[in-house]
Amino acid sequence: MDRLVIRGRNMWETETEYKALQKETVAHPWLRFFARMLDLNLTLVLWKAFSALLLHYNSSNVFLGSLYDSYIAFFLLLMMEPLLLSTWGTTPGKKLFGLVIRDTSGNKLTYKKALARTWGVFGAGYGYNIPIYSLVRLYQSYKQCSIAEPLSWEEDTSYSIKNTKYYRRIIYANIFLLLIGIAYIIGLQAVMPIHRGELTSAQYAENCNTYMKFIGYGTFMKLDDTGNWVDKNPNLLTYSELPPHKIIVKDGKVIGIELEVEIKDGDLVSSYQNQQWIAIMGFVAAQREMNCFRISASDLVKAVQKPFENYTEYEAGIRVKNEIEYTDYSMSEGLLFPTGENPYFHMRFTLERMD
6 MDRLVIRGRN MWETETEYKA LQKETVAHPW LRFFARMLDL NLTLVLWKAF SALLLHYNSS
66 NVFLGSLYDS YIAFFLLLMM EPLLLSTWGT TPGKKLFGLV IRDTSGNKLT YKKALARTWG
126 VFGAGYGYNI PIYSLVRLYQ SYKQCSIAEP LSWEEDTSYS IKNTKYYRRI IYANIFLLLI
186 GIAYIIGLQA VMPIHRGELT SAQYAENCNT YMKFIGYGTF MKLDDTGNWV DKNPNLLTYS
246 ELPPHKIIVK DGKVIGIELE VEIKDGDLVS SYQNQQWIAI MGFVAAQREM NCFRISASDL
306 VKAVQKPFEN YTEYEAGIRV KNEIEYTDYS MSEGLLFPTG ENPYFHMRFT LERMD
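Every number in the working numbering is 5 more than the matching position in the sequence shown, counting from 1.
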């Protein structure tokens with residue numbers, strides 16, 4: 006006679022039944038891991054799109070921002086996966102790898118059971134995403150899964166796989182590359198101006214400030230409606246050395262921007278390319294015909310990388326002109342160092358609508 010064993014909560018079965026149920030799990034830890042990573046990355050891309058495009062939030066500017074993003078992705082998965090398992094019976098990642106989750110009767114999981122399962126994966130499988138501890142839990146889960154031992158969150162469920170054909174892995178690799186491409190496009194679009202077309206002075210300033218905030222450049226400063234710099238916290242820093250943005254307006258609309266710097270006292274001269282690019286993103290990128298691909302592939306990108314050279318470029322009906330004059334200076338590592346008795350530097354950077 007088979008002896009009785011305990012499996013799950015308040016559930017007694019014979020040893021034969023228990024071993025039979027044990028077979029209903031998938032001893033392919035890497036396939037299961039990649040399936041979940043696909044689901045997680047799908048939720049992460051959704052969060053990135055929402056946070057970057059609507060909230061103008063950039064996690065790379067925040068301490069432990071990537072960890073924060075991963076918790077958001079897990080939170081979204083906790084909301085979405087139970088719903089998918091209880092209705093569709095699978096998730097995109099599991100569907101791709103042919104993984105099937107059912108209860109012991111062969112039915113789809115209820116929402117309550119699916120939620121408990123997903124929470125179990127987050128807690129016991131990923132160690133609540135706590136750094137270091139999560140690696141320990143993943144390794145322990147890997148060892149259990151490798152020998153087809155049901156994991157703690159698989160109580161009262163069966164887990165099977167249709168097949169392990171390589172075409173599934175090829176599709177996975179292509180989907181992952183697609184997600185990387187989508188994330189890249191989100192990043193390009195996130196820095197595009199929030200105001201497009203004809204701009205007022207206030208809209209130009211807001212374009213610049215939003216861009217600076219996203220790239221982490223405007224932590225303690227902002228551009229006001231007149232093009233002058235304002236310290237958010239004057240007790241910490243001042244930015245008197247930054248050139249004001251002279252906003253040229255006609256009939257209430259911005260038709261040009263001018264940045265001018267003149268140094269006669271022989272100070273070290275740093276590059277003003279950040280200021281030039283801020284002006285470009287605030288004005289040129291705001292033109293109706295511009296998009297994230299066009300501005301990122303524009304000749305302006307290369308031109309701004311040479312801030313101490315004269316150049317003239319045309320983009321979207323805007324003439325971009327950089328006029329540089331300096332004497333008794335030598336350039337090294339992107340800086341100008343005074344070398345003579347009468348060092349002099351002058352920069353005039355203009356954006357001018359030509360129509």
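We treat Cβ as the ideally placed atom computed from N, Cα and C, and that holds for glycine. These numbers come from a predicted model, not from an experiment.
Do you know offhand how far Leu60's Cα is from Glu346's? Distance between the alpha carbons of Leu60 and Glu346 is about 51 Å.
Kindly indicate which residue of Glu294, Arg299, Lys307, Pro312 has the alpha-carbon position closest to the one of Glu265. The shortest CA-to-CA distance from Glu265 to any of Glu294, Arg299, Lys307, Pro312 is the one to Pro312.
Would you identify the three-state DSSP class for Trp234, choosing helix, strand or coil? The three-state reading of DSSP puts Trp234 in strand, counting E and B together.
Exposure label - Ser367; buried when at least 16 CB within 10 Å: Residue 367 cannot be examined here, being either before or after the span of the chain that is shown, 6 to 360.
Tell me whether the segment 250-268 and the segment 205-221 touch, counting them as touching only if at least three CB pairs, one residue from each stretch, are closer than 8 Å. Result yes; three or more Cβ-Cβ pairs closer than 8 Å.
Look at the alpha carbon of Phe79 and the alpha carbon of Leu140, and state the distance between them as a whole number of angstroms. Cα-Cα distance, rounded: 16 Å.
According to DSSP, simplified to helix, strand and coil, what is Lys258? It is a strand residue.
Using a Cβ-Cβ cut-off of 7 Å (strictly less than) and excluding sequence neighbours within five positions of Gln149, which residues of its own chain qualify? Closer than 7 Å at Cβ, skipping near neighbours: Leu156.
Cα separation between Leu182 and Ala40? Rounded to whole angstroms, Leu182 to Ala40 spans 15 Å at the Cα level.
For Thr243, count neighbouring Cβ atoms within 10 angstroms of its own Cβ and tell me buried if that reaches 16, exposed if not. Note that Thr243 scores a pLDDT of 43, beneath 50, so its modelled location is shaky; the value from the coordinates is reported in the next line. Counting Cβ neighbours within 10 Å, Thr243 comes out exposed, since fewer than 16 surround it.
7 Å Cβ cutoff met for Gly287 and Asn212: Yes, they are a contact pair.
Quickly, what does DSSP pair Asn327 with across the bridge? List them, please. Asn327 pairs with Tyr316, Phe354.
Quick one: what's Ile252 bridged to in DSSP? For Ile252, which the question treats as bridged, DSSP gives the partners Ile262.
From this set, Gly103, Phe68, Leu43, Leu120, which residue's C-alpha is nearest Asn179's C-alpha? It is Leu43.
Give me, in chain order, the residues of the same chain whose beta-carbon lies closer than 6 Å to that of Phe55; leave out the 5 immediate sequence neighbours on both sides. Listed in chain order, the non-local C-beta contacts of Phe55 below 6 Å within the same chain number zero, local neighbours out to five positions each way being set aside.
Check whether the segment 163-173 and the segment 80-91 touch, using three or more Cβ-Cβ pairs below 8 Å as the test. Result no; under three Cβ-Cβ pairs closer than 8 Å.
Look at the alpha carbon of Tyr131 and the alpha carbon of Glu294, and state the distance between them as a whole number of angstroms. Across the structure, Tyr131 and Glu294 are spaced so that their CA atoms are roughly 46 Å apart.
Can you tell me whether Leu59 is helix, strand or coil according to DSSP? In the structure shown, Leu59 falls within a coil segment according to DSSP collapsed to helix, strand and coil.
Cα-Cα separation, Thr92 to Gly221: In a straight line, the C-alpha of Thr92 is about 42 Å away from that of Gly221.
Tell me where the alpha helix (DSSP H) around Pro97 begins and ends. 97-101 is the span of the alpha helix (DSSP H), which, as asked, contains Pro97.
Measure the alpha-carbon distance for Glu263 versus Lys227 and round it to whole angstroms. For Glu263 and Lys227, the distance between alpha carbons rounds to 17 Å.
Taking the alpha helix (DSSP H) that Arg299 belongs to, which residues open and close that run? Start and end: 297-301.
According to the neighbour-count rule (16 or more other Cβ atoms, all chains shown, within 10 Å of its Cβ), is Ser337 buried or exposed? The residue in question, Ser337, is exposed, as its Cβ has fewer than 16 Cβ neighbours within 10 Å.
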